[in-house]
Amino acid sequence: MSARSLDALFRPNSVAVVGASADPGHVGAVIMRNLLGGKFLGPVMPVAPDLAEIDGITCYKSVDTLPLTPDLAVICTSPDSVPETLRELGRRGVGAAVVLPPGYAKLAPEAKRSLQARMLEAASPSGIRILGPSGMGLVVPGIGLNCSLANRDANPGRMAFISQSASLFTAVLDWADTKGIGFSHILSLGDRVDLKYADILDYMASDPNTRSILLYVETVTDARSFMSASRAAARNKPLLVVKPGRKLWTLFPPGPSEGRDEVYDEAFRRAGMLRVGEIDTLFDAAETLARARPLSGDHLAVLTNGGSMGIMAADALLDGGGRLAPFDADTTTALSAVLGPNWQRQGVVDMGVDAAPALYAESLRALLRAPGANAVLVVHVPFPGVSPEETARAVAEVAAKTSRTVLACFMGYNPAGGEALHILNKAGVPTYATPDQAVSAFVQLARYRKNQELLMEMPASLPDAYAPDPDAARAVVERAYSEGRLTLTDPEAKEVLGYYGVRAIASHITEDIDDAVAAADALGYPVAVKIISPDIPKPFDVGGIVLDVPGPEAVREAAAAARQRALDHVPGARIEGYVIQEMGRRAGAHEVTIQARVDPVFGPYVIFGQGGLAARVTRDKAVALTPLNMSLARDLVCRTRVAAALTGGGGQPAVDLDALCLTLNQISQCVADLERVAAIDVNPVLAHPDGVTVIGATIRLSPEPQPDPHRLAIRPYPRELEEKAVLRNGRPVLLRPIRPEDEPAHYDFFKHLSAEDLRFRFFGVVRDLSHTEMAKLTQIDYEREMAFIATAPGPDGRPETLGVVRASTRPDNATAEFAVIVRSDQKGAGLGRMLMEKIIRYCRGRGTKELTGQALMENGGMQGLAEKLGFSVVRNYDDEVAEMRLPLQESPTDGTGRP
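Our numbering puts the first residue of the sequence shown at 25, with every later residue one more than the last.
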């Protein structure tokens, strides 16, 4: 992405309308009317060969005849003319184009794809960026720019709204106008031939005029860049999304190229976004997140002068998944001293209908001191003689002195007006028309907090002994594929999973009953007998499985009976043999199911839930995108109802959750590593106090001859970039990408840095880093940032970080900015140069054009190292900063060897 080009789109100084028209119904006329009717101060230049002027504005015959080069162009000509128009605009130096060709929507799909390819080819030489084609265009209210087909302007505000839906674009403008909601940007992406969600999110994340980003998403086509940009944006400002289809897909499953809704839901959650159900909820949630203080938990206390309203609010809270605040003894005593003995309800404080403003203030202070209350909802019911304005003022004064969130619902007042609401809003207290709306807002805040914690959570490390063997597993898969088989046998599936450390009970495939008896004798009794039939994917459903078979004769009887039952259910079915396996019962075991699938949009994901026959009734399951870690795996388990049983209770022991989470990681790693694997079913799985036992396993392969090696939406840890090296002093080190679990070692690393080294690295005084700050250093997105650490065992045997180099790459990969620091007691061993050479090789290998960095003028060591490595160093004595630049790619030539 070119920052210059997106500035041209969102902050243009001049606009050309190619295909401007005087016909009121033409797209070119609507664009001209909106541009001229707004407050845009720059020149608007219509290009219309057959017209002399439009509304008194001189028209130009062609792009070449424009008196100045516009930053932005709006193309309103026929679809076939768009590619050539883009070439002309690109040659002229135009940075961006909004493409709204009339008649485009009526083109056949093949014609649209052909036109889009020609548009990209035409835009490529100049780098002009394209919004569209189709859609509704763009509105930037802050500068009065309306390059849209909407029939109204928008109010300025601090929210950016990005819509994939053209119809919703105008509906939201109308709806927002009635609510008094303003925007920093509104844009319709259209068919996304060039600019996609990721490009826009990258821009909005750093835009100072945008406080929150709202999305309406129907489909995502570039999952990895979408997730990368979303995760980066969500760390800086609230990112909310509406996606339709939550209920529809339960009735009509998505097509083969459409992602499943539950996977979209998980992707939004994993990116730190908040998904809401409706458009009005979207804007309410955005306002709440912008105004409310951060939550530290999901316990809400309700303070009201109407007991019934308080109970209704509590019901809504519990229904929404929130929790009522528990009151400790000190809180109870403080409230009783103010209100007397009759206020007490669990989490709800009823002050009485005639409560005076002073009573609101005293009660609110007591609740805000309560350790169990993460937020307080104040519900006020009108009562004669009690001033709502004075009550609001009392609440606002207390709320201004706390770091906790206070929400307010003043019943009977118009949300758009009223002095009481104005007082609260001015004080930054979010207000709502009903208790249900207020509680819904709190639940959204709690969900958003959970998603943000997930984004910043430091994961537990995998066991040191975990060492998968993907090459051996891939060999099993490729052998089956080369034989024309897309389903592995049960032993093959277990062998593949075994290379990832998954424990499974032994099983044998046999072709006839005599072989089945021999296999059972070898395993030992009792055994399970299961038919093998390509025509019966679920043998249990047709009586094709017999358990606890005690001996040889019983095996013969069980095999024959299972075969007959299967044929009775599916006449003519091919029975190709039997699986004989040992029984896997364990004391205190719970049956669960683990699956892995490949979503057509977001790639591999893992499903966990209740197993056995009960799963068909409860449909208790949750999904998580790969790659996983121990923390994400535990979160996946805890999002299911069966988790309550797994943690013990009622006299039952708890299962080994660490072993279960490790198994989830192993299966996640398997489907992530093996591109040819399309599905894994591990069922049944027994989770018990001693670990996890896999009874059955199935692996299905993709029929695609060339599976996508980049199908993961989140780039996994790049193990291939690990490199062993030896320092000048003979100490061996491992150079590898940083991992989230390096956070503790990184804290220790900072303790070994001198004040001067910290100042050289951060250009100022650095105090202790918070977890959030450290998470940003260790939990990086390998798609757009890289940090290599040098690590080696310390005196106590634990790994310690000796140095780190990082490069943050622009989304267009044109430049990357580096920073490097070596532990103060490790200097002189050549580690700094080693790290710099590592990051140079990496950036050059990924096609980055230039590596840049800055150093304080006092930091002569860094400048000297840069010069030795080929950097040009330009010293700015006024700013006391040295600029370092290193070209990484050879300059293109004109064919004669000259650049």
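Cβ atoms here follow ideal geometry from the backbone N, Cα and C, with glycine treated the same way. These numbers were taken from a predicted model, which means no experiment stands behind them.
8 angstroms Cβ cutoff met for residue i and residue j
| i | j | result |
| --- | --- | --- |
| G159 | G214 | yes |
| M56 | D79 | yes |
| G769 | L759 | What sits at residue 769 in the sequence shown is Ala, not Gly. No, Cβ-Cβ distance for A769 and L759 is not below 8 angstroms. |
| I529 | I556 | no |
| A696 | T650 | yes |
| Q140 | A309 | no |
| R248 | R739 | yes |
| G43 | I99 | yes |
| P94 | A40 | yes |
| L298 | L264 | yes |
| G168 | G62 | yes |
| A737 | E767 | no |
| E16 | V553 | There is no way to answer for residue 16, as the model of the chain reaches only from 25 to 923. |
| Q188 | V122 | no |
| N475 | T617 | no |
Residue i versus residue j - alpha carbon distance
| i | j | result |
| --- | --- | --- |
| F34 | Y227 | 9 angstroms |
| A291 | F250 | 10 angstroms |
| E134 | Q730 | 24 angstroms |
| A499 | A584 | 35 angstroms |
| I704 | G854 | 47 angstroms |
| V501 | L725 | 8 angstroms |
| L211 | W199 | 16 angstroms |
| P756 | L521 | 33 angstroms |
| Y573 | I604 | Note that residue 573 corresponds to Val in the displayed sequence, not to Tyr. Roughly 10 angstroms separates the two Cα atoms. |
| P232 | R317 | 20 angstroms |
| A444 | P381 | 12 angstroms |
| P823 | D772 | 11 angstroms |
| E615 | A667 | 12 angstroms |
| R329 | N366 | First, the amino acid is wrong: residue 329 is Asn here, not Arg. Their backbone Cα atoms lie some 13 angstroms apart in a straight line. |
| G441 | L131 | Bear in mind that a pLDDT of 49 at G441, under 50, signals an unreliable position, so the model cannot answer this. |
| A540 | L710 | 25 angstroms |
| R417 | G156 | 49 angstroms |
| P439 | A457 | Note that P439 scores a pLDDT of 49, beneath 50, so its modelled location is shaky; the value from the coordinates is reported in the next line. Cα-Cα distance, rounded: 6 angstroms. |
| V300 | S506 | 46 angstroms |
| F786 | S236 | 28 angstroms |
| L479 | G296 | 6 angstroms |
Assumed close pair residue i, residue j - CB separation to whole angstroms, cut-off 8 angstroms
| i | j | result |
| --- | --- | --- |
| D781 | I863 | D781 to I863, Cβ: 18 angstroms. No contact. |
| T802 | P764 | 5 angstroms |
| L688 | F632 | 6 angstroms |
| S848 | S794 | S848 to S794, Cβ: 22 angstroms. No contact. |
| A432 | V453 | 5 angstroms |
Burial state of residue i, where buried means 16 or more other Cβ atoms lie within 10 Å
| i | result |
| --- | --- |
| C662 | exposed |
| M881 | exposed |
| K85 | exposed |
| H734 | exposed |
| E699 | buried |
| S191 | exposed |
| S896 | exposed |
| L306 | buried |
| A258 | buried |
| V641 | exposed |
Residue i Cβ short of 7 angstroms to the ligand COA heavy atom set
| i | result |
| --- | --- |
| V500 | Here there are no bound small molecules, and the ligand COA is not part of this structure. |
Beta-carbon contacts of residue i that lie in its chain and below 6 angstroms, excluding the five residues immediately before and after
| i | result |
| --- | --- |
| Q850 | L826 |
| G321 | N398 |
| P180 | P165, G166, G206 |
| L239 | I186, V265 |
| E535 | G601 |
| M435 | V405 |
| A379 | N329 |
Cβ-based neighbour list, residue i, same chain, cut-off 7 angstroms, excluding 5 preceding and 5 following
| i | result |
| --- | --- |
| E386 | V362 |
| E581 | none |
| G344 | V463, S464, V467 |
Sequence-distant residues of the same chain with beta carbon closer than 8 angstroms to residue i, five excluded per side
| i | result |
| --- | --- |
| Y901 | M881 |
| L348 | H323, L324, A325, V326, A338, L341, L342, Q370, G371, V372 |
| D352 | A394, P395, G396 |
| L910 | I864, E874, L875, T876, A890, L893, G894, F895, S896 |
| T356 | Q368 |
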